[in-house]
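Counting in my numbering, the sequence shown runs without a single skipped number right up to 237 at its last residue.
Accompanying notes for the structure given below.
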Amino acid sequence: EKQIGRNFAECCVKKDAGDDPDVTHGALIYCKIQSAASSSSSQNPKSYTSSHESSIQIEGGNGVGVVTKPGLQVGIGRPAINPVPEMMIKKAICEVFGKVPFSVKAIISVPNGEKIAERTFNQRLGINGGISIIGTTGFVKPMSEDAIKVSLKCELDIAKAMGFDSIVMVPGNLGENAVKKAFNLKDEQIVLMSNFVGFMLKEAQNLGFKKVILGGHPGKLAKLI
């Protein structure tokens, strides 16, 4: 699917997650390229200059979340498009346009992205309004367990960036709800660890947290012994 106008071109691809149980499987990812001069300027423009002096702005459209908490790879107020995908988008644009000196804007959008995001960790991470555009290579590999670990570690990064020295790690919703009722804690101090207890404890140690409390259902915690 593609559209071409006087000052823009837009196309989309369908996400194929392969064997990975990814909630974005089948989602349509749109990219609209337009002249930056022909569009309104971004409130938080993030420019990139290639060796050909091509100024490229990357923005998030409908269905792409916006970062609202510190500690992530993307600053507060910016669309949740991680550095590697952003770099790949810019590189692809430069490969197409070559040495022509001009300024362009790339708008990434995902129809139904806000609904899809409800099935991700985004709300816990302070990413509102849609999904995140993440990745390290541009290729999907069946590593869902590693992907979950990365998402869980982001909660530790946010807690650290917000200045907390002590946190409570919980296996799931039962533990989280119980801890919220029993203690006066900020939401960011309660970190989901799922079944990756050893991994999360090691990451918490690496980040320098002074105190880590494990909370949750006794039957669940007993399995850690």
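Backbone N, C-alpha and C define an ideal beta-carbon position, used for all residues, glycine too.
Where residue i sits in the DSSP three-state scheme
i	result
PHE221	coil
LYS214	helix
SER144	coil
ILE88	coil
LYS14	strand
SER206	coil
Host alpha helix (DSSP H) of residue i (start-end)
i	result
PHE109	95 to 109
ALA194	185 to 194
GLY125	125 to 129
GLY83	Premise fails: GLY83 is in no alpha helix (DSSP H) and is neither H nor E.
ASN232	Note that residue 232 is Lys in the sequence shown here, rather than Asn. Note, LYS232: alpha helix (DSSP H), 230 to 234.
GLN135	134 to 137
Neighbourhood of residue i by C-beta, 7 Å cutoff - its chain only, sequence neighbours within 5 removed
i	result
LYS27	THR36, HIS37, GLY38, ALA39, ILE41
GLY75	SER121, VAL122, PRO123, ASN124, GLY125, GLU126, GLY142, ILE143
ALA171	ILE179, GLU200, GLN201, VAL203
Same chain, Cβ closer than 6 Å to residue i, five either side skipped, listed in chain order
i	result
ILE225	VAL180
LYS223	SER178
Endpoints, beta strand (DSSP E) assigned at residue i
i	result
LYS26	20 to 26
GLN69	67 to 72
ALA118	115 to 121
VAL35	Careful: VAL35 lies outside any beta strand (DSSP E) and carries neither H nor E.
Short Cβ contact (9 Å threshold) for residue i with residue j
i	j	result
GLN46	VAL116	yes
ILE68	ILE145	no
(request) Could you tell me whether the region 81 to 92 touches the region 32 to 42, where touching means 3 or more Cβ pairs closer than 8 Å? (result) no
(message) For the pair the region 127 to 143 and the region 182 to 198, tell me if three or more CB-CB distances fall below 8 Å.
(response) no
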